[in-house]
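Trainee: Residue numbers (the numbering used here): 7 to 389.
All residues carry an ideal CB built from backbone N, CA and C; glycine is no exception.
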Ligand code: NDP
Ligand code: MG
């Protein structure tokens, strides 16, 4: 049994906090050697003082003074966006957990791969944007890309390496807070209502994505890249209890599922300890209390994000990056109360419609498309 040395990018966020809990729960299997955050200096310092990683990184250089003032020891300190790339290459680490919200984790993820480190990916946005670049770089360097997203971790567990025998991947979705809300009430939805997720406790961006179902749309494309399946093989089913984290149907018609409580410590631990399963202090499922597990078809007409994502994934090229980038702009505009809830998908659709997709894009072409989409989305918000 070997202890894995892990760097956490996005340490101060929801996934980062869960990762730190896992490291404290199974210290004989996981050691945190690096922590990085964007601007929350106080929280990063407190986390570092607790776990004493050898290196930390704060992207926001203006807050370095605050960070240093709170540190009770002398780690190596990296700063800025370049610092994020440097810490991702830290000699002493074997795995980099990318848990940065949005696409800020892409360059550090690629740097980690080039440095020969395994990735644990929570940041689905980087796979949606540049799945081909990430997966082919990893294959070239012979490093692993372990899924942390609960659905993909579930699929990874069900697949157990039998990717060639898959008929369908069935992604479960809680349906979010508006699963049963009539669509004529969508216009009046407030950020506070959308931020109340029924089953998961997550950062604001993914919580809004869960409400629009863009999260599931992004996950369809994520599954396509992680498991090498066609978009047509990826289905979505609504499962309000969030206990079955996803399912795989094999060529012979048998379906395997993975179940656990909706707690991200489960998938994070498995991404770190794979192929081993080790005991922890997480709560077991009590089937006597579960009562029922429901499954329904998604309301595709009322939640267009799923079909937009399917279209983006099937078209490929730069279109998924454009969808992802315009969604990021739309989500932050909604959270700032500048647009209504349904305007999120209207804006994304508008930007996607205006994009001339580049097939087989280089990384630079993808980054250009990402920038273009953000500019077009921001300009459309001013109209
Ligand atoms: P949070 O908003 O809770 O946390 C985001 C983290 O990223 C923070 O540590 C933040 O630092 C850091 N960060 C933000 N921007 C940058 C940047 N440009 N460079 C470096 N660090 C940055 O998000 P979540 O933890 O909820 O989500 C993180 C990722 O994981 C997302 O991609 C999400 O889709 C994915 N995910 C999350 C799940 C969940 O349960 N939360 C489940 C499955 C996937 P600071 O605090 O300093 O701002
Ligand atoms: Mg998920």
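Which of the three DSSP states, helix, strand or coil, is assigned to residue 251?
Mentor: Residue 251: strand per DSSP, three-state reduction.
Trainee: If you scan the stretch 308 to 382 from start to end, which runs of the alpha helix (DSSP H) of 4 or more residues do you find wholly inside it?
Mentor: Counting whole runs of 4 or more residues, the stretch 308 to 382 contains the alpha helix (DSSP H) stretches 311 to 321, 325 to 341, 347 to 360.
Trainee: With DSSP as the reference, identify every bridge partner of residue 11, one or two as the case may be.
Mentor: BP columns for residue 11 point to 37.
Trainee: Cβ of residue 270 within 6 Å of any heavy atom in the ligand NDP?
Mentor: Residue 270: yes, Cβ under 6 Å from the ligand NDP.
Trainee: Just to confirm, is the Cβ distance from residue 154 to residue 15 under 7 Å?
Mentor: Cβ distance not < 7 Å, so residue 154 and residue 15 don't count as in contact.
Trainee: For the ligand MG, list every residue whose C-beta falls under 6 Å from any of its heavy atoms, going in chain order.
Mentor: That query returns the following residues: 155, 156, 157, 225.
Trainee: Please indicate yes or no: does the CB of residue 129 lie closer than 6 Å to some heavy atom of the ligand GDP?
Mentor: You won't find the ligand GDP in this model; what it holds is the ligand NDP and the ligand MG.
Trainee: In three-state terms, what does DSSP make of residue 43?
Mentor: Correct three-state label for residue 43: strand.
Trainee: Taking only three categories from DSSP, how would you classify residue 134?
Mentor: Reduced to three states, the DSSP call for residue 134 is helix.
Trainee: Determine the DSSP secondary structure at residue 300, reduced to helix, strand or coil.
Mentor: In the structure shown, residue 300 sits in coil (DSSP, three-state: anything other than H, G, I, E or B).
Trainee: Using C-beta distances below 7 Å, list every residue in its chain close to residue 272, excluding the 5 sequence neighbours before and after it, in chain order.
Mentor: Counting only Cβ-Cβ distances below 7 Å, and skipping sequence neighbours, we find 266, 288.
Trainee: Should residue 129 and residue 251 be called a contact, given that it needs their Cβ atoms to be closer than 7 Å?
Mentor: The answer is no: Cβ separation not under 7 Å.
Trainee: Please give me, in chain order, every unbroken run of the beta strand (DSSP E) with length at least 3 that falls completely inside the stretch 202 to 259.
Mentor: Those beta strand (DSSP E) runs which fall completely within the stretch 202 to 259 and span 3+ residues are 240 to 244, 250 to 256.
Trainee: Curious, which full-length alpha helix (DSSP H) runs of at least 4 residues does the stretch 36 to 122 contain?
Mentor: You should have 47 to 57, 70 to 76, 86 to 94, 112 to 120.
Trainee: Are the CB atoms of residue 164 and residue 275 nearer to each other than 7 Å?
Mentor: Their beta carbons are not under 7 Å apart, which means residue 164 does not touch residue 275 by this criterion.
Trainee: Check whether the Cβ of residue 218 sits closer than 6 Å to any heavy atom of the ligand NDP, and report yes or no.
Mentor: Residue 218: no, Cβ never under 6 Å from the ligand NDP.
Trainee: What is the C-beta distance between residue 177 and residue 242, in whole angstroms, given that I count them as a contact (C-beta under 8 Å)?
Mentor: Yes, they are in contact, since the Cβ atoms of residue 177 and residue 242 sit about 5 Å apart, within 8 Å.
Trainee: Could you tell me the boundaries of the alpha helix (DSSP H) in which residue 178 lies?
Mentor: Segment 172 to 179 is the beta strand (DSSP E) holding residue 178; no alpha helix (DSSP H) there.
Trainee: Give me, in chain order, the residues of the same chain whose beta-carbon lies closer than 6 Å to that of residue 29; leave out the 5 immediate sequence neighbours on both sides.
Mentor: Counting only Cβ-Cβ distances below 6 Å, and skipping sequence neighbours, we find 36, 38.
Trainee: In the DSSP assignment, find the unbroken beta strand (DSSP E) run with residue 261 in it and report its ends.
Mentor: That run of the beta strand (DSSP E) goes 261 to 265.
Trainee: Could you tell me whether the Cβ atoms of residue 189 and residue 31 are closer together than 7 Å?
Mentor: Not closer than 7 Å, so no.
Trainee: Output needed for residue 160: all residues of its chain with C-beta closer than 7 Å, excluding positions within five of it in sequence on either side, in chain order.
Mentor: Correct list, in chain order: 251, 252, 264.
Trainee: Looking at C-alpha atoms only, which residue of 352, 371, 359, 362 is the closest neighbour of residue 387?
Mentor: Nearest of 352, 371, 359, 362 to residue 387, Cα basis: 352.
Trainee: For residue 350, which of 113, 365, 334, 247 has the nearest alpha-carbon?
Mentor: Residue 334 is the option with its Cα nearest to residue 350.
Trainee: Excluding sequence positions up to five away, which residues of its chain have a Cβ less than 6 Å from the Cβ of residue 318?
Mentor: Excluding positions up to five away in sequence, the list reads 325, 326, 329.
Trainee: Taking DSSP as the reference, what is the three-state secondary structure of residue 127?
Mentor: Three-state result, residue 127: strand.
Trainee: DSSP on residue 153, reduced to helix/strand/coil?
Mentor: Three-state DSSP puts residue 153 in a strand.
Trainee: Give a single yes or no on whether residue 44 has its beta carbon closer than 6 Å to a heavy atom of the ligand NDP.
Mentor: Yes, since a heavy atom of the ligand NDP falls inside the 6 Å radius drawn around the Cβ of residue 44.
Trainee: Any heavy atom of the ligand NDP closer than 6 Å to the Cβ of residue 180?
Mentor: No, Cβ of residue 180 sits at least 6 Å from all heavy atoms of the ligand NDP.
Trainee: Throw me the rounded Cβ distance for the residue 13 and residue 102 pair, which I believe falls under 8 Å.
Mentor: About 5 Å separates the two Cβ atoms, so the contact holds.
Trainee: Is residue 140 close to the ligand NDP? I mean its beta-carbon at under 6 Å from any heavy atom of the ligand.
Mentor: It does not: the Cβ of residue 140 is nowhere closer than 6 Å to a heavy atom of the ligand NDP.
Trainee: Do residue 90 and residue 42 count as a contact pair if the criterion is CB distance below 7 Å?
Mentor: Closer than 7 Å, so yes.
Trainee: Pull up the distance between the alpha-carbon of residue 402 and that of residue 218, whole angstroms please.
Mentor: Past the boundaries of the shown model lies residue 402; the chain is included only from 7 to 389, so the question cannot be answered.
Trainee: Of the choices 313, 124, 86, whose alpha-carbon is the least far from that of residue 99?
Mentor: That would be 124, whose Cα lies nearest to the Cα of residue 99.
Trainee: Give every residue of the same chain whose Cβ lies closer than 8 Å to the Cβ of residue 87, excluding the five residues on either side of it in the sequence, and list them in chain order.
Mentor: Within the same chain, residue 87 has close Cβ partners 65, 110, 113.
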